[in-house]
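The structure appears below as C-alpha cells.
Have a look at this one:
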C-alpha cells in the first residue's frame, strides 16, 4: 500500500493512470502523507499516520540533560542553524531569533555519548543514531556528534509541507547505522579547476546523501593547484594560473573545516609516480628525463625513482600534507605508470641493474611505492593506493587500503575476491565512475551494484571498508559538476548506507529517489531529473 | 601559422608542448593576439595584428547618417545596452552613463537599409552584414536590423583583454551572411516545465551562436503548460500544476518580446493528433476513447478525428495561437501516431468505412492533418510538420515544410533526397538530437554533419531551409539544460551559419570552440568544458 502511494505520487501527471490518481486524491483529501522519504533508507524504520504540525516559531533544537555534548558544541550548534533553514525553507527570519507563538513547542532533543565536538570524524567514528518522533518532541540519541549529524539529516527529510504550506512530521521510530564505514566522493581538481565554492556546495550535497569522505584528487598531470608552503613553485608554475587557479592554505583549511561540520573526512591524494606532469614544472629534476636514443628528448616521464633528491622532496612534501590534512588516511595513487620513459633513460637502466631488478620495471615501481609508503607511515598515516600497486608489489604493508577502479562487474568481483583473500582491506570504486555518462536512467546501474557479492569468506567481506563515487574531471568543471553528480551519486549512497535486502528493488527505489531529488532541488542543489515529471518547487536559477 | 597560434593557446597548460608554449610566449610578449575568435566563423574574414585599445569610458554605439534606423530604434537601442556590458564585462558603471575620458573615442557606427525596428524577424529577413574595424571606429552595415544584431555579436567577440585587463580590438574586415536561413533550437516544456527565466537565458545564449529560431515544443503528452485564453482548462487541468507550472499569456509575450530583441523567431508547436494525452484532461471528447472488446477501456488515444467538435476546437485553438505567436510559421507535429486505439474504437471504424479508407489508418491520419493544415492555412500560417506526415499524406500542400527527425546519417540523407525530389522544403533535425548524451567529445558528431551531402540537384539542395538542434525533455529541466545545450549546440550553429569548406576540419574547430566556450562562461552561461583545460574566468556560481 505504501509503495502504491509513493508510486502514484511519483507518476502523478506523467502517465494517465486513473486508478492511481484516484488513490492519490483520496490520500490527499484524508490529509495523510507517506513518510518513506528518507534517502538513503534507514536500517529500521517504523512510522504511523499520526502527524504533528511544526511551527517554525515554536521549534527548538536542544541538548538532553544526559548528553555529553552541551551548548557551545561547535559541530552541533552549527548543525542546528543549518538544519533549521533546511527544515523550514519558506521561513525567512531564521533560527535563533526570539520567537513568540501560541503553538505548543516542538523540541528536537539531542543526546550524545561522547563530546567529540572539536575533533575530526575518523575511520572509527560511529554514525549510528536512534530517532524517535512523538507528540511535541523528537529524541535523537547517538554515540558521537557525527551520528547525531546523520540523525539530523534524517529528521530534516521527515518534515514535509501540505498544500497550504503547513509543516508536519509523522510519528516515527528509526534505528540507523551505515552498512559501510567509508562512503566517498572523489573530485578531480587537476583536469579542471573547481572554485572553492563548488567544493563546499558539493560537501553540503554529500551530507544530504550521508556520504562521509571527500576524496580530493587535488593534483594530476594537467595542473597542480595545491599551493604548498614548502614548495610554492609547484602551483606557481604547475597550476593553470598561479593566482586564480590555486588552492591556498586558507582555501584548504576552509574545505576541511566545512567538511568537518558535516561529519565528512577529507582524504587528499597526491598521486605518484605517474600522473605527475604538472609537478615537474615547479620542481626540476623530479621527473624522469625521457631519451630518444642516447640523448634526452626534452620530454619527461614519471617521477624519477633513482635520485635520492626525489625522496627528500617527497618526505618534505608529505610532511607538509600530513600536517595540513588532519585525516589519518592519505591517498598515494600509484596507478597507470608508463614504463617507456623509464626504459629510455640510461640512469634508470643502470639503477635497475645495480638493484638486480633485471628488466622488470614493476620492481622499480614497487621500490618507489615502498619508499613513499614508508614516508607516510612514519608520519602515522594509513595509505590508500590504487589497485595497480597490489599487482606489482608483494611486500605492500597489510594496513594499506587497496582502491579498486578497474574492470567490468565480472572482473572487479574477482579483484575483490583476490585482494581480500590476501588479507588486504579494499575500497570499491570501479562500478561508480560517475563521470561516465549515458542517455537514460544510468543511476540504475549505480544502484544495483552488490559490493559483497563476490566469492569469499565472511572475514574477507569484512575487509571491504566501503565504496567511492569518482567524478573524474576530463569533461567536468563547475558548469556541469552538480547535475552530473546528483542524484546519480545518491543511488550509490543508498547502496553504501542501507541494508541490501531492504533496497533490492530498483523500481521501488525510483519514486523514492525522485522524491529525494526534488528535496535536493528545493535545497538549491541542481540535481538533474531522473525522468519525465516535475517537482513542486522547480529549480529557479538560470 | 594562425592555426598553430590558436592551437597553442587552446592547449596551454594542458599538455607539455614546449615548442608550442615557446611560440605562445613570443606572441604574448609581442602583444599580438589572434582574432580568429568569432564563432560561428564568418564567411569572409581578414584581420591584421594592428590593434586598438578600447576604453569603456570613450566607447560609443551610434547610427550612421545614412542609416534608415535612427535613435529610438527599439531593437538596436536595446542591443547597444546589452552589447556594451558583454564587450566590457569588467566595467561596472554601464552604458549610457555620462563619461569623461582623455582617450580618443571609439565609435561603432551602424547603418541599416531598412528601419524594421518594430517588426519581427521572419523567414525572409536578411542577416547579412559587413563589419569594418579601423582606428577609432567600426562601421557596421546591414540590410536589416537583424543583420546589424549579428554584426554586433561578431564585434563583441572580436574584443579581448590583455593580461592587464586592457580591452583591444584588431583591424578587421568581415563580410558575413548565414548559409541557412533557418537555424533553430527546440526546447520541450512538456516533459519538464522550464521556468521562463531558463527560456530567456537560452535565448541569450542562442544569439551568441547566431541561432535565429526558437522552436517551442510547448505541449505534449505529459503536460499542457500553455495557458489558453479560449480554453483555460487545458492548462488548469493538463499542466503539472495549474498555477506554478504554466505559461501565462504574459509569460509568452515576454518570451516573444525577448526573442525579438535578439532577432529570434518563436515557432510554436501544438503537436497533434498524437502526443496529446495532457490535452484530454481539460477538453472532454477531444481524445479517442480506446475500447477493450466492445466496451471503453477508460484510457484514451490520439485526438478523435471523426467528431466535428474536434475541428471546431482546433479551429478556435489555432486561431488563438496564431494571434498570440506573430511568426508566420506554425508547427503542427503529426508524428508518432499510434493506431491501436483508433482501431479499437467502433465509431472510428465506422467512419473509416464511410470514408472508404478500408483498413488503412494512414488515410485517416492524412484526413486529420489535412483538416488541421487547412485551418492554419486559412489563418495565413505556413505549416511545419514532422516527416511522418509526408509518408502518409500524398496531397500535403507544397508550401508545408517537412521536419526530418528520424534515422541514421545514411537514412536521413535518403529522406532529404526523397522529400526534396518531391519539391518539398525540409528542415534537418535528425543528426542534432542533442538530448542524447555520450561520454566524451560528441560535439564532433554535431559538427561534422553535412546537410547538403545527399544525392539531388542544385534545386533540391535549395529546398533545405536549415536545421534544428532538439533538446527533448525526458531527462532535462532547468537544473541541467544549459550545460547539456552549450557548447554542443554551438557546433551545429557553425555548421548552419558558416561556409562548409572553411569549416571542414573538426580539429581546427576544437581550439576555436574551446575559446568560444570560455566566452560563454564569461557571459554567465554554464557551458560545459570540451576537454581538460581551463578558462581565464571560470564559472563562479554554484
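Protein chains in written order, with our numbering: chain X, 461 to 1002; chain U, 461 to 1002. Where a beta carbon is used, it is the ideal one built from N, C-alpha and C, also for glycine.
Review point. Say the cut is 7 Å; is the CB of residue 741 of chain U nearer than that to a heavy atom of the ligand HEM?
Key: Looking at this structure, you won't find the ligand HEM or any other ligand, since it has none at all.
Check your understanding: Around the Cβ of residue 967 of chain U, are there at least 16 other Cβ atoms within 10 angstroms (buried) or fewer (exposed)?
Key -> Stepping through the second chain from its first residue, residue 967 of chain U is reached at position 507. Residue 967 of chain U should be labelled exposed.
**Study point:** Short-range partners of chain X found in the segment 883-915 of chain U, where Cβ spacing is below 9 Å
**Key:** Within the segment 883-915 of chain U, the residues whose Cβ lies closer than 9 Å to some Cβ of chain X are 895, 896, 897, 898, 899, 900, 901, listed in chain order.
Practice item. Starting from the beta carbon of residue 989 of chain X, find every residue of chain U whose beta carbon is closer than 8 Å, and list them in chain order. Key: For the purposes of this step, residue 989 of chain X is identified with residue 529 of the first chain, where counting begins at 1. Within 8 Å Cβ-Cβ: 652, 935, 936, 937, 939, 940.
Check your understanding: Any C-beta of chain X sitting closer than 8 Å to the C-beta of residue 986 of chain U?
Key -> Mapped onto the second chain, residue 986 of chain U falls at position 526. Yes - at least one Cβ of chain X is within 8 Å of the one on residue 986 of chain U.
Exercise for review: With distances taken Cα to Cα, identify the nearest neighbour of residue 681 of chain U among U:778, U:604, U:611, U:796.
Suggested key: The residue you call residue 681 of chain U lines up with position 221 of the second chain. Among U:778, U:604, U:611, U:796, the Cα nearest to that of residue 681 of chain U is on U:796.
Exercise for review: Output yes or no for whether 8 Å exceeds the beta carbon distance between residue 887 of chain U and residue 925 of chain U.
Suggested key: The residue given as residue 887 of chain U occupies position 427 in the second chain. The residue given as residue 925 of chain U occupies position 465 in the second chain. Against a cut-off of 8 Å, the Cβ pair of residue 925 of chain U and residue 887 of chain U comes out as a contact.
Practice item. Note down the Cα distance separating residue 594 of chain X from residue 630 of chain X, rounded to an integer number of angstroms. Key: For this step, residue 594 of chain X is matched to residue 134 along the first chain. For this step, residue 630 of chain X is matched to residue 170 along the first chain. Cα to Cα, the separation comes out at about 8 Å.
Check your understanding: Taking Cβ to Cβ, would you say residue 762 of chain X is nearer than 8 Å to residue 628 of chain X?
Key -> Here residue 762 of chain X refers to the residue found at position 302 when the first chain is read from its first residue. Here residue 628 of chain X refers to the residue found at position 168 when the first chain is read from its first residue. The answer is no: Cβ separation not under 8 Å.
**Study point:** is_contact[residue 999 of chain X, chain U] using C-beta, thresh 8 Å
**Key:** As a position in the first chain, residue 999 of chain X is number 539, starting the count at 1. Residue 999 of chain X counts as touching chain U.
Review point. Is residue 976 of chain U helix, strand or coil when you go by DSSP?
Key: Residue numbering aside, residue 976 of chain U sits at position 516 when the second chain is read from its first letter. Assigned with DSSP and collapsed to three states, residue 976 of chain U falls in helix.
**Study point:** Separation of residue 853 of chain U from residue 576 of chain U, as counted between CA atoms
**Key:** Reading the second chain from its first residue, position 116 is the one you call residue 576 of chain U. Reading the second chain from its first residue, position 393 is the one you call residue 853 of chain U. If I take the Cα positions, the gap works out to 38 Å.
Practice item. Can you give me, in chain order, the residues of the segment 666-686 of chain X that have a beta carbon less than 8 Å from any beta carbon in chain U? Key: Taking 8 Å as the cut-off between beta carbons, the residues of the segment 666-686 of chain X near chain U are 682, 683, in sequence order.
Exercise for review: At 7 Å on the CB atoms, spell out the chain X contacts of residue 705 of chain U, in chain order.
Suggested key: Looking up residue 705 of chain U in the second chain gives position 245. Here the neighbours are 994.
Practice item. To the nearest angstrom, report how far apart residue 722 of chain X and residue 527 of chain X are at their CA atoms. Key: Start at 1 with the first residue of the first chain, and residue 722 of chain X comes out as number 262. Start at 1 with the first residue of the first chain, and residue 527 of chain X comes out as number 67. Using only the alpha carbons, I get a separation of about 20 Å.
Check your understanding: For the beta strand (DSSP E) that residue 731 of chain U lies in, which residues bound it at each end?
Key -> The residue labelled residue 731 of chain U in the question sits at position 271 within the second chain. For residue 731 of chain U, the enclosing beta strand (DSSP E) starts and ends at 725-732.
**Study point:** Proximity to residue 894 of chain X [Cα-Cα], best of X:934, X:743, X:731
**Key:** Within the first chain, the letter at position 434 stands for residue 894 of chain X. Looking at the Cα atoms, X:934 is the closest of the given residues.
Practice item. Using a Cβ-Cβ cut-off of less than 7 Å, list which residues of the segment 941-961 of chain U approach chain X; keep chain order. Key: 943
Review point. Using a Cβ-Cβ distance under 8 Å, would residue 981 of chain X count as near chain U?
Key: For this step, residue 981 of chain X is matched to residue 521 along the first chain. With 8 Å as the cut-off, residue 981 of chain X counts as an interface residue toward chain U.
Exercise for review: May I ask you to verify whether the segment 972-986 of chain U touches the segment 693-706 of chain U, counting CB pairs closer than 8 Å and requiring at least 3?
Suggested key: no
**Study point:** Classification of residue 756 of chain X by the beta-carbon crowding that lies within 10 angstroms, buried from 16 upward
**Key:** For the purposes of this step, residue 756 of chain X is taken as the residue at position 296 of the first chain. Per the 10 Å Cβ criterion, exposed.
Check your understanding: Going by the beta-carbon positions, is the gap between residue 1004 of chain X and residue 635 of chain X smaller than 8 Å?
Key -> As shown, chain X starts at 461 and ends at 1002. That puts residue 1004 of chain X outside it, with no answer to give.
Exercise for review: Just the C-alpha distance for residue 494 of chain U and residue 623 of chain U, rounded to the nearest angstrom, thanks.
Suggested key: The residue given as residue 494 of chain U occupies position 34 in the second chain. The residue given as residue 623 of chain U occupies position 163 in the second chain. Residue confidence for residue 494 of chain U is low, a pLDDT of 49 falling below 50, so the modelled location carries little weight; the figure read from the coordinates is stated next. Computed Cα separation, rounded: 14 Å.
Point to revise | Top-ranked residue by Cα proximity to residue 660 of chain U, from U:712, U:641, U:643 | key: Here the question's residue 660 of chain U lines up with position 200 in the second chain. That would be U:712, whose Cα lies nearest to the Cα of residue 660 of chain U.
Practice item. Give a yes or no on whether 8 Å exceeds the smallest Cβ distance from residue 743 of chain U to chain X. Key: Position 283 of the second chain, counting from 1, holds the residue named residue 743 of chain U. So no, residue 743 of chain U is outside the interface.
Check your understanding: Name the chain U residues that come within less than 7 Å of residue 655 of chain X, Cβ to Cβ?
Key -> Translated into positions along the first chain, residue 655 of chain X becomes position 195. By Cβ distance, chain U contributes 998, 1000.
Check your understanding: What is the residue span of the alpha helix (DSSP H) that residue 947 of chain X lies within?
Key -> The residue given as residue 947 of chain X occupies position 487 in the first chain. Per DSSP, residue 947 of chain X is not a residue of any alpha helix (DSSP H), being assigned neither H nor E.
Check your understanding: Roughly how far, in whole angstroms, is the beta-carbon of residue 574 of chain U from the beta-carbon of residue 552 of chain U, given that I think they are within contact range, below 8 Å?
Key -> In the second chain, residue 574 of chain U corresponds to position 114, counting from 1. In the second chain, residue 552 of chain U corresponds to position 92, counting from 1. Going by Cβ atoms, the distance from residue 574 of chain U to residue 552 of chain U rounds to 36 Å, so no, they are not a contact pair.
Practice item. Give the straight-line distance between the Cα atoms of residue 910 of chain U and residue 955 of chain U, rounded to the nearest whole angstrom. Key: Translated into the one-based positions of the second chain, residue 910 of chain U becomes position 450. Translated into the one-based positions of the second chain, residue 955 of chain U becomes position 495. Whole-angstrom Cα-Cα distance: 8 Å.
Practice item. Could you pull out every residue in the same chain whose Cβ sits closer than 8 Å to the Cβ of residue 861 of chain U, ignoring the five residues on either side in sequence? Key: To locate residue 861 of chain U, count along the second chain from 1; it is residue 401. Same-chain partners within the cutoff: 789, 842, 843, 844, 845, 884, 885, 886, 887, 925.
Exercise for review: Decide if residue 529 of chain U is buried, meaning its Cβ has at least 16 other Cβ atoms within 10 Å, or exposed.
Suggested key: Indexing the second chain from 1 puts residue 529 of chain U at position 69. Per the 10 Å Cβ criterion, buried.
**Study point:** Backbone CA spacing between residue 607 of chain U and residue 759 of chain U [nearest angstrom]
**Key:** Working through the second chain from its first residue, we reach residue 607 of chain U at position 147. Working through the second chain from its first residue, we reach residue 759 of chain U at position 299. Looking at the two C-alpha atoms, the distance is approximately 51 Å.
Exercise for review: Could you tell me which uninterrupted alpha helix (DSSP H) segments, each at least 4 residues in length, are contained entirely in the segment 771-809 of chain X, listed from first to last along the chain?
Suggested key: For the segment 771-809 of chain X, whole alpha helix (DSSP H) runs of length 4 or above, ordered along the chain, are 800-804.
Practice item. Hey, could you find the ends of the alpha helix (DSSP H) residue 609 of chain U is sitting in? Key: As a position in the second chain, residue 609 of chain U is number 149, starting the count at 1. That run of the alpha helix (DSSP H) goes 605-618.
**Study point:** Host alpha helix (DSSP H) of residue 931 of chain U (start-end)
**Key:** Along the second chain, one-based indexing puts residue 931 of chain U at 471. Taken as a continuous stretch (DSSP letters only), residue 931 of chain U belongs to no alpha helix (DSSP H), being part of the beta strand (DSSP E) at 924-931.
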